[in-house]
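Below you'll find the structure, written out as structure tokens, and then a few comments.
Protein chains: 2
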Amino acid sequence: MTAPIPDLPNLAADDSMLSRKFGRETANYFSGSPLNRVSFLRSEHAFLASAFSHPTASFLLMNNLSPTVKDAASLGFVTKADEEWVKCFNSDVVSPLILFLGLDEKKTTGFEYKGFKGAPYFAIDVTPKDGLAEKANGVMEAVKAKGLDFSKSARMLSLTAPEAAIYAQARALLDWNARNPSCAGCGQRTLSVNSGHKRRCPPTDYAGVPEGSPPKERGDCPTRHGVSNLCFPRTDPTIIVAVVSADGTKLLLGRNKRFPPDWYSTLAGFLEPGESIEEAVRREVWEESGVTAGRVVLHSSQPWPYPANLMIGAIAQATPDGETIDLGNDPELEDAKWFSVEEVRDALTSGVSDLGGPPPPTHKEGV
Amino acid sequence: MTAPIPDLPNLAADDSMLSRKFGRETANYFSGSPLNRVSFLRSEHAFLASAFSHPTASFLLMNNLSPTVKDAASLGFVTKADEEWVKCFNSDVVSPLILFLGLDEKKTTGFEYKGFKGAPYFAIDVTPKDGLAEKANGVMEAVKAKGLDFSKSARMLSLTAPEAAIYAQARALLDWNARNPSCAGCGQRTLSVNSGHKRRCPPTDYAGVPEGSPPKERGDCPTRHGVSNLCFPRTDPTIIVAVVSADGTKLLLGRNKRFPPDWYSTLAGFLEPGESIEEAVRREVWEESGVTAGRVVLHSSQPWPYPANLMIGAIAQATPDGETIDLGNDPELEDAKWFSVEEVRDALTSGVSDLGGPPPPTHKEGV
Numbered sequence: 001m002t003a004p005i006p007d008l009p010n011l012a013a014d015d016s017m018l019s020r021k022f023g024r025e026t027a028n029y030f031s032g033s034p035l036n037r038v039s040f041l042r043s044e045h046a047f048l049a050s051a052f053s054h055p056t057a058s059f060l061l062m063n064n065l066s067p068t069v070k071d072a073a074s075l076g077f078v079t080k081a082d083e084e085w086v087k088c089f090n091s092d093v094v095s096p097l098i099l100f101l102g103l104d105e106k107k108t109t110g111f112e113y114k115g116f117k118g119a120p121y122f123a124i125d126v127t128p129k130d131g132l133a134e135k136a137n138g139v140m141e142a143v144k145a146k147g148l149d150f151s152k153s154a155r156m157l158s159l160t161a162p163e164a165a166i167y168a169q170a171r172a173l174l175d176w177n178a179r180n181p182s183c184a185g186c187g188q189r190t191l192s193v194n195s196g197h198k199r200r201c202p203p204t205d206y207a208g209v210p211e212g213s214p215p216k217e218r219g220d221c222p223t224r225h226g227v228s229n230l231c232f233p234r235t236d237p238t239i240i241v242a243v244v245s246a247d248g249t250k251l252l253l254g255r256n257k258r259f260p261p262d263w264y265s266t267l268a269g270f271l272e273p274g275e276s277i278e279e280a281v282r283r284e285v286w287e288e289s290g291v292t293a294g295r296v297v298l299h300s301s302q303p304w305p306y307p308a309n310l311m312i313g314a315i316a317q318a319t320p321d322g323e324t325i326d327l328g329n330d331p332e333l334e335d336a337k338w339f340s341v342e343e344v345r346d347a348l349t350s351g352v353s354d355l356g357g358p359p360p361p362t363h364k365e366g367v
Numbered sequence: 368m369t370a371p372i373p374d375l376p377n378l379a380a381d382d383s384m385l386s387r388k389f390g391r392e393t394a395n396y397f398s399g400s401p402l403n404r405v406s407f408l409r410s411e412h413a414f415l416a417s418a419f420s421h422p423t424a425s426f427l428l429m430n431n432l433s434p435t436v437k438d439a440a441s442l443g444f445v446t447k448a449d450e451e452w453v454k455c456f457n458s459d460v461v462s463p464l465i466l467f468l469g470l471d472e473k474k475t476t477g478f479e480y481k482g483f484k485g486a487p488y489f490a491i492d493v494t495p496k497d498g499l500a501e502k503a504n505g506v507m508e509a510v511k512a513k514g515l516d517f518s519k520s521a522r523m524l525s526l527t528a529p530e531a532a533i534y535a536q537a538r539a540l541l542d543w544n545a546r547n548p549s550c551a552g553c554g555q556r557t558l559s560v561n562s563g564h565k566r567r568c569p570p571t572d573y574a575g576v577p578e579g580s581p582p583k584e585r586g587d588c589p590t591r592h593g594v595s596n597l598c599f600p601r602t603d604p605t606i607i608v609a610v611v612s613a614d615g616t617k618l619l620l621g622r623n624k625r626f627p628p629d630w631y632s633t634l635a636g637f638l639e640p641g642e643s644i645e646e647a648v649r650r651e652v653w654e655e656s657g658v659t660a661g662r663v664v665l666h667s668s669q670p671w672p673y674p675a676n677l678m679i680g681a682i683a684q685a686t687p688d689g690e691t692i693d694l695g696n697d698p699e700l701e702d703a704k705w706f707s708v709e710e711v712r713d714a715l716t717s718g719v720s721d722l723g724g725p726p727p728p729t730h731k732e733g734v
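Protein sequences, first through last, are from chains A and B.
For the first sequence, position 200 (counting from the first letter as 1) is numbered 200 according to the numbering used here, and the numbering increases by one without interruption.
Basically the numbering used here = 1-based index in the second sequence + 367.
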């Protein structure tokens, strides 16, 4: 699941001091976005209007979190030239959620705003729901007539690295908006602002109010007093760890009941409040396998948009007297085993990495 | 803000292979908890009842997120022997929130449950609110009569490392429960379960129902279909980064308008959906300072319970042609500057690290 580091100018310094000391940076699948998010422009209406209507703007449509695709390796972006769907949406009172994703600065084909250049990227939720079903279905038909389709894959794992990153951003944000229609602080309905990157609990509401009358005052809400993290997208830090034996010759892998036969993976779990990453690694490893981990080294990270995880990859070393496997704590794993580094290397070349996929012809029984 | 690594058995392997290769692990303040969370036992009532009533159990009381303290360096735990407060709470229909924090396995003074041993630690919310005001005030008076008090510090930054970690866990969890009385998925009230580590949106409700009658059915909620991240505590990943110049001789620091004069710090910011940690570092550095970062190395992490951050420390190296400071993007910083490594070293020995604290006598103007 490791993607080549995309050709980004800011990653070019590969012979840098840090690189020589620590090795190359690992960019994992779903990271490596080509877009500059220019997050500080998200609340500027003039910028958004200008970017949205620019001929170089690209739009990723998403139906129930499935993106438009050309094929398994490529997203299908709709451009402004496709007038049908744009017209469809402008006249509706219920607005579909539109995310501003960023500017592709390598594509300098004319768009510029206060010195910021690049092709604008947006994502639009075309899920046929609420008052939007008819229009959304019309848009989807128009898109299909142009040769694009909505992906049938539950997980988009075969895109090119830059498109995977764009999709990950779009999916995570649309999903966060969809999961949080109400305010956790007071229970009232919230409103998506900042082009999909924030949700506010407004103090007034026009719902049920006759035209021309002032809006109703709503009940007080703690999120309106100062800055509240509840207004911002949620990301759940998750550890995934390669535990090596004290002598460095073996690797600890485990299997869940739901895994296909012979399928083992590194251990993983959610970080808890008041825990460092390193502590979360030691806790998860001990809870799931009984193994005691000593030193933990952070390796690299990966956004995982199912729904909102930040996978933090780590390497941990078992303490010499802590290598005994005990599955009696947390019932999460069905089995855990120490594998020699050679076995793991062999499995990586001749095993399967897709959960449920058939093994290749070189596969041997027992990993 | 770096605490010595506490004397934990699982950190003893300091001459390990990973340690020799990467150096010692850094345990930052608020990490290094002495408690085993035994998270898989949180939902076992027999365990909780047994641990709660054991004579070795310790209870941290918190009033509006302020913990009981003995002095600036020590939390003040209440033990089961203090019968007053325990009696106070048992008879009330409104239950205060009680967190199970974990077992201190170094204290094996008799408590054992299915082979798990140690002194149990709990935190209890004694904020005088809802139906609990009178009882809570009584409890707080009783605690004060015993020579403990509730901390007046907004931030508990002078505790011993193990107690800081216990406090961080308790504060983060109580705050998360207090901020999330309602369900973000449907707006209905939620219920704290798993000794404070989960909130559920129940399908039925006895509110307003005559005694002896069945509960009311509540509206459907998406969080009841499968596992929802909304039910679990939220932690916001945040990057904090030391940016070094391309030649490794200078460090980039910035200052916010709210900072006291001459006060500069490393840059920091929240990670966004669909971003790796490394990408979040490059985005924040560019947005706040205009500097382009290349290689990013993860250094260590720190739980920061104000309210729920996971600080992820990184070192980034500026690209040779990306060192020009430009504050024109995000207006967050008032100033950013390159400082020589010597200046930073000097500031760390003779400067102030407390925001707003007076400089020591050795302080020189201009850092």
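Ideal Cβ placement from N, Cα and C applies to all residues, glycine included.
Using only CA atoms, which one of the options lies nearest to residue i?
i, options, result
"B/Pro670", "B/Ser549, B/Ile533 and B/Glu654", "B/Ile533"
"B/Ala531", "B/Leu715, B/Pro628, B/Gly443 and B/Pro422", "B/Gly443"
"A/Lys337", "A/Lys144, A/Lys135, A/Ser245 and A/Pro273", "A/Ser245"
"B/Thr659", "B/Leu638, B/Glu508 and B/Gly689", "B/Gly689"
"B/Leu677", "A/Ser182, A/Glu211 and A/Thr238", "A/Thr238"
"A/Cys183", "A/Thr79, A/Asp220, A/Thr68 and A/Leu251", "A/Asp220"
"B/Glu629", "B/Lys511, B/Leu620, B/Phe637 and B/Ala635", "A small correction: the amino acid at residue 629 of chain B is Asp; Glu does not occupy that position in the sequence shown. Taking only the C-alpha atoms, the option nearest B/Asp629 is B/Leu620."
"A/Asn110", "A/Ser50, A/Thr160, A/Lys70 and A/Gly226", "Here the sequence assigns Gly to residue 110 of chain A, which means Asn is not the residue at that position. Closest option to A/Gly110, Cα to Cα, is A/Ser50."
"B/Glu709", "B/Thr616, B/Tyr480 and B/Arg625", "B/Thr616"
"A/Asn329", "A/Pro233, A/Ala168 and A/Glu288", "A/Glu288"
"A/Leu173", "A/Pro305, A/Gly313 and A/Asp346", "A/Pro305"
Is there at least one Cβ from chain B nearer than 8 angstroms to residue i's Cβ?
i, result
"A/Thr349", "no"
"A/Leu173", "yes"
"A/Ser213", "no"
"A/Gly187", "yes"
"A/Ser43", "no"
"A/Asp346", "no"
"A/Ser33", "yes"
"A/Glu112", "no"
"A/Ala184", "yes"
"A/Pro307", "yes"
"A/Ala13", "Residue placement at A/Ala13 is flagged as unreliable, the pLDDT there being 41, under the threshold of 50; the coordinate-derived value follows with that caveat. It does: the Cβ of A/Ala13 has a partner Cβ on chain B nearer than 8 angstroms."
"A/Ser39", "yes"
"A/Ile274", "Checking the sequence shown, residue 274 of chain A turns out to be Gly, not Ile. So yes, A/Gly274 belongs to the interface."
"A/Glu287", "yes"
"A/Arg283", "yes"
Please confirm whether residue i has its beta-carbon closer than 8 angstroms to some beta-carbon of chain A.
i, result
"B/Ala574", "no"
"B/Leu638", "yes"
"B/Ser462", "no"
"B/Gly657", "no"
"B/Asn457", "Caution applies to B/Asn457, whose pLDDT of 39 falls short of 50 and renders its modelled position unreliable; the model cannot decide the point."
"B/Ser425", "no"
"B/Glu645", "yes"
"B/Phe467", "no"
"B/Val708", "no"
"B/Trp705", "no"
"B/Asp374", "Note that B/Asp374 scores 36 on pLDDT, short of 50, meaning its location in the model is unreliable and no value can be drawn from it."
Using beta carbons (cut-off 8 angstroms, strictly below), is residue i in contact with chain E?
i, result
"B/Asn696", "This model lacks chain E altogether; the protein chains it does include are A and B."
Discussion item. By the 8 angstroms beta-carbon criterion, what residues does the region 585 to 602 of chain B contribute toward chain A?
Written reply: Listed in sequence order: Pro589, Ser595, Asn596, Leu597, Phe599, Pro600, Arg601 and Thr602.
Item to complete: Scan the region 583 to 641 of chain B and note each continuous beta strand (DSSP E) run of 3 residues or more that stays entirely inside, going in chain order.
Response: Counting only runs of 3 or more, we get 603 to 611, 617 to 623 and 634 to 637.
Worksheet item: What are the uninterrupted segments assigned as alpha helix (DSSP H) that are 4 or more residues long and contained completely in the region 479 to 539 of chain B, given in chain order?
Response: DSSP runs (the alpha helix (DSSP H)) wholly in the region 479 to 539 of chain B: 500 to 512.
Item to complete: Please go through the region 663 to 693 of chain B and give each complete beta strand (DSSP E) segment of 3 or more residues, from N-terminal end onward.
Response: Listed in chain order, the complete beta strand (DSSP E) runs (minimum 3 residues) inside the region 663 to 693 of chain B are 676 to 685.
Item to complete: May I ask you to verify whether the region 401 to 409 of chain B touches the region 646 to 653 of chain B, counting CB pairs closer than 8 angstroms and requiring at least 3?
Response: No, because fewer than three Cβ pairs between the region 401 to 409 of chain B and the region 646 to 653 of chain B fall closer than 8 angstroms, the two stretches do not touch.
Worksheet item: Hey, is the region 93 to 102 of chain A in contact with the region 129 to 136 of chain A, meaning 3+ C-beta pairs nearer than 8 angstroms?
Response: Taking 8 angstroms as the limit for Cβ pairs, the verdict is that the region 129 to 136 of chain A does touch the region 93 to 102 of chain A.
Worksheet item: Along the region 501 to 524 of chain B, what residues have a CB closer than 9 angstroms to any CB found in chain A?
Response: Correct list: empty, as no residue qualifies.
Discussion item. Closer than 8 angstroms is the cut-off here; do at least three beta carbon pairs connect the region 477 to 485 of chain B with the region 418 to 433 of chain B?
Written reply: The answer is yes - the region 418 to 433 of chain B touches the region 477 to 485 of chain B, with three or more Cβ pairs under 8 angstroms.
Fill in: At least 3 beta-carbon pairs within less than 8 angstroms: the region 59 to 79 of chain A vs the region 204 to 221 of chain A
Here the region 59 to 79 of chain A makes no contact with the region 204 to 221 of chain A; the two share fewer than three CB pairs at distances below 8 angstroms.
Discussion item. By the 9 angstroms beta-carbon criterion, what residues does the region 661 to 672 of chain B contribute toward chain A?
Written reply: Those would be Gly661, Arg662, Val663, Val664, Leu665, His666, Ser667, Ser668, Gln669, Pro670 and Pro672, in chain order.
Worksheet item: Do three or more CB pairs link the region 591 to 604 of chain B to the region 556 to 575 of chain B at distances below 8 angstroms?
Response: Three or more pairs of CB atoms, one per stretch, sit closer than 8 angstroms, so the region 591 to 604 of chain B contacts the region 556 to 575 of chain B.
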